[in-house]
Amino acid sequence: MPDGLLDAVRVLDLSGGSADTVTRLLADLGADVLKVEAPGGSPGRGVPPTLAGTGIPFAVHNANKRSAVLNPLDEQHRRRFDELTASADIVVDSGLPGAAAAYGTTCAELADRHPHLVALSFTDFGTSGPRSSWRATDPVLYAMSGSLSRSGPTTGTPVLPPDGIASATAAVQAAWAVLVAYYNRLRCGAGDYIDFSRFDALVMALDPAFGAHGQVAAGIRSSARWRGRPKNQDAYPIYPCQDGYVRLCVMAPRQWRGLRRWLGEPQDFQDPRYDVIGARFAAWPQISVLVAALFAGQTMKELVAAGQAHGVPIAAVLTPSRILASEHFQAVGAITDAELVPGVHAQVPTGYFTVNEQRAGFRAPAPTAGQHEPGWLADPVPAPPPVGRVGDYPFAGLRILDLGIIVAGGELSRLFGDLGAEVIKVESADYPDGLRQARAGDAMSESFAWTHRNHRAFGVDLRRNEGKHIFGQLVAEADAVFANFKPGTLTSLGFNYDKLRGLNPGIVLAGSSAFGNRGPWSRRLGYGPLVRATTGVTSVWTSEEAPKDGARHPSTTPRPSSPITWWDASSRSWPWPH
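If you read the sequence shown in my numbering, its first letter stands for residue 1266, the second for the next number, and so on.
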């Protein structure tokens, strides 16, 4: 883990349950996270499933942290608690009334008492309001947030998403909120109190009806259409093959032409109108017959290789156990054998992202209760004096060059634009953002409008010297560049990170792609549905009401955008494509 991200940032962790993931993410980024536990340790330590008597969720979500035991009935320990909160940068508590209540206070009161402090209270429905006393599991949150209404066949029982996606989605949103507030403190000197509701987070982030939807839906969606669970089996279809299933995502005209070549250039589909998603979608029941016949006698590996060779986005529908053992995960070091609990080794993810080519993830197992002294590892890093005004947007003054595309690119830049950053959308007229694709007669799709509010934009051809010069001038005056192209695209345009840093030593390059920028699958075409299929999520998004293979079963494709824990469900069948 490289220094310099959250190095020496002090986080006092009073949380438990799914909120442990919030502080685990901060610890992954280098923060000194001190978990304060009562005598006997956190109740979460024994929550099943267990490994050698330790709850696996606790072990995973408390890695990279330290632990100190304080007794709120001991006056000396109460004073030490006060000293820790006064010297912390961030405090995270969870539940009602929260662990801070044992010390006679709340997160909100701590934020009032210490103006520099960022304090987050993580609860199911917030700390105030008519539902504040309610409690919710992941299935309840799926139902109440609206996600369950879009999951499963158009008739019959909705299909519950895998357990854990809701909790992980909320935790990622909470970590984002904490980091924004901490950045704002560095900007203006003032901390903040965040009353975080898991329910609100899911409504906003887990496949929201008013958020970005996929490129296919952007071309066909209409308010006059069906309002129940989406009839979208043909958007990202799944097909049986010799040894399992594969999934297609045919979006751009060039991808359709690649599929057409693969099918042997069927005469019935040569009309240029099929370059448009809407027309292709309407004819997909007929196209699907040809695809199914082509795929039936081939293996997943053969189909993925042939699809990529034709420029067709395709992925195998793998089980969690198969992806964990895959050549790609092994090559990139996504999984490591580590001592998860004392004396017991297990396979654990090494981290969800890389910083300067190093994984920001698992470094040390979860501590035993009271393993450490109740203090900080180092003095706080001296921060430059605040230059911003209290009350301004958190990202006021930041300039972002946005090369992002489709949903992931659009949502990332929207987050910064909504919070005050100057976001400049950079596009080529020859290769516009696929999210612009709209129904005939519309100027743009709803998704493009939603994700690119609070943006400025201009068109430039980065393949031409004049375009490179203009973009280079912008880089010299920017704070960050966002891109989610296929790995190697920026380099081929002459703007790898070394080039960007040469133009601006302080520039940050944030890049994302389906399978990462190294490893045997890095050059594969990929979208969210293909990532879900490859990583095992699709195979465990199941129902007992499965139709026979090949039956047509309209379903939805919610887009969880956060990491989840993998588990083996290889014995279960998939019935609904997600």
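Don't be surprised by glycine CBs; every beta carbon is placed ideally from N, CA and C.
*How about P1649 and L1795: are their beta carbons less than 8 Å apart?*
For the purposes of this step, residue 1649 is identified with residue 384 of the sequence shown, where counting begins at 1. For the purposes of this step, residue 1795 is identified with residue 530 of the sequence shown, where counting begins at 1. For P1649 and L1795, no; Cβs fall outside 8 Å.
*Out of A1303, G1598 and G1653, which has the shortest C-alpha to C-alpha gap to A1364?*
As a first step, residue 1364 must be located in the sequence shown, where it is residue number 99. Of the candidates A1303, G1598 and G1653, the one whose C-alpha sits nearest the C-alpha of A1364 is A1303.
*Among G1306, R1310 and L1270, which one has its Cα closest to the Cα of L1605?*
Position 340 of the sequence shown, counted from the first residue, corresponds to residue 1605. Among G1306, R1310 and L1270, the Cα nearest to that of L1605 is on R1310.
_R1721 versus L1700: straight-line alpha-carbon distance, rounded_ = Taking the first residue of the sequence shown as position 1, residue 1721 is located at position 456. Taking the first residue of the sequence shown as position 1, residue 1700 is located at position 435. In a straight line, the C-alpha of R1721 is about 16 Å away from that of L1700.
*Would you kindly work out how many angstroms separate the C-alpha atoms of Q1535 and A1570, rounded to a whole number?*
Residue 1535 sits at position 270 when you count from the first residue of the sequence shown. Residue 1570 sits at position 305 when you count from the first residue of the sequence shown. Whole-angstrom Cα-Cα distance: 24 Å.
*Whether L1349 touches S1410 by CB criterion (8 Å)*: In the sequence shown, counting from the first residue as 1, residue 1349 sits at position 84. In the sequence shown, counting from the first residue as 1, residue 1410 sits at position 145. Their beta carbons are not under 8 Å apart, which means L1349 does not touch S1410 by this criterion.
*Compare the beta carbon distance of R1275 and A1328 with 8 Å and say whether it is the shorter of the two.*
Within the sequence shown, the letter at position 10 stands for residue 1275. Within the sequence shown, the letter at position 63 stands for residue 1328. Not in contact: R1275 and A1328 (Cβ atoms no closer than 8 Å).
_If I measure Cβ to Cβ from P1314 and keep anything under 7 Å in the same chain, skipping five residues before and after, which residues do I get?_
Counting from 1 along the sequence shown, the entry for residue 1314 is found at position 49. Hits under 7 Å: I1321.
_Which of the three DSSP states is assigned to Q1551 in this structure?_
Along the sequence shown, read from residue 1 onward, the residue named residue 1551 stands at position 286. It is helical.
_Using a 10 Å radius around the Cβ and a threshold of 16 neighbouring Cβ atoms, would you call P1531 buried or exposed?_
The residue labelled residue 1531 in the question sits at position 266 within the sequence shown. So P1531 counts as exposed.
_Euclidean distance between Cα positions of D1354 and S1710_ = By 1-based counting over the sequence shown, the position of residue 1354 is 89. By 1-based counting over the sequence shown, the position of residue 1710 is 445. Taking the straight line joining both Cα atoms gives about 42 Å.
*Kindly list the residues whose CB is nearer than 7 Å to the CB of T1402, restricted to its own chain and excluding five residues on each side of it in sequence; keep chain order.*
Locating residue 1402 in the sequence shown gives position 137, where the first residue counts as 1. If we look at T1402 and ignore the five residues flanking it on each side, it has no Cβ neighbours.
*What does DSSP give as the partner residues of H1593 in its beta bridges?*
Here the question's residue 1593 lines up with position 328 in the sequence shown. In the DSSP output, where bridge partners are listed per residue, H1593 has none listed.
_Environment of D1508 [buried if 16+ CB atoms lie within 10 Å]_ = Residue numbering aside, residue 1508 sits at position 243 when the sequence shown is read from its first letter. Result: exposed.
*May I ask you to report which of helix, strand or coil DSSP gives V1437?*
Sequence index remark: in the sequence shown, residue 1437 carries index 172 (1-based). It is helical.
*Nearest-angstrom Cα distance between P1550 and E1567?*
Start at 1 with the first residue of the sequence shown, and residue 1550 comes out as number 285. Start at 1 with the first residue of the sequence shown, and residue 1567 comes out as number 302. Near 24 Å, if we compare the C-alpha coordinates of E1567 and P1550.
_Three CB pairs or more closer than 8 Å across the segment 1778-1793 and the segment 1751-1762_ = yes
*Using CA coordinates, which residue listed in D1726, K1733, G1737 and G1674 is at the minimum distance from W1715?*
The sequence position of residue 1715 within the sequence shown is 450, counting from 1. Ranking D1726, K1733, G1737 and G1674 by Cα distance to W1715 puts G1674 first.
*What residue range is occupied by the uninterrupted beta strand (DSSP E) comprising D1403?*
Here residue 1403 is taken as the residue at index 138 of the sequence shown, counted from 1. Premise fails: D1403 lies in the alpha helix (DSSP H), D1403 to S1410, not in any beta strand (DSSP E).
*Can you tell me the Cβ-Cβ gap for G1456 and P1505, rounded? I've got them flagged as a contact below 8 Å.*
To locate residue 1456, count along the sequence shown from 1; it is residue 191. To locate residue 1505, count along the sequence shown from 1; it is residue 240. No, G1456 and P1505 are not in contact; Cβ-Cβ is about 55 Å, not under 8 Å.
*Residue interval of the alpha helix (DSSP H) (run including D1278)*: Along the sequence shown, read from residue 1 onward, the residue named residue 1278 stands at position 13. Run containing D1278: none in the alpha helix (DSSP H); it sits in the beta strand (DSSP E), R1275 to D1278.
_Between the CA atoms of R1522 and P1819 - distance to the nearest angstrom_ = Your numbering for residue 1819 matches position 554 in the sequence shown. Your numbering for residue 1522 matches position 257 in the sequence shown. Low confidence applies here, because P1819 scores a pLDDT of 39, under 50, leaving its location unreliable; read the following figure in that light. Straight-line Cα distance between these residues: approximately 25 Å.
*asked:* Less than 8 Å between the C-beta atoms of G1683 and C1453, yes or no?
replied: To locate residue 1683, count along the sequence shown from 1; it is residue 418. To locate residue 1453, count along the sequence shown from 1; it is residue 188. Reading off the sequence shown, one finds Asp at residue 1683, where the question assumed Gly. Taking 8 Å as the Cβ cut-off, D1683 and C1453 do not qualify as a contacting pair.
_For F1681 and R1718, the rounded distance between their alpha carbons_ = Translated into positions along the sequence shown, residue 1718 becomes position 453. Translated into positions along the sequence shown, residue 1681 becomes position 416. Using only the alpha carbons, I get a separation of about 11 Å.
*Shortest alpha-carbon distance to T1434 belongs to which of F1323, Y1501 and M1469?*
For this step, residue 1434 is matched to residue 169 along the sequence shown. Nearest option by C-alpha distance: M1469.
*Find out if the Cβ-Cβ distance for the pair G1463, D1389 is shorter than 8 Å.*
Along the sequence shown, read from residue 1 onward, the residue named residue 1463 stands at position 198. Along the sequence shown, read from residue 1 onward, the residue named residue 1389 stands at position 124. The sequence as given places Arg at residue 1463; Gly does not occur at that position. For R1463 and D1389, yes; Cβs fall inside 8 Å.
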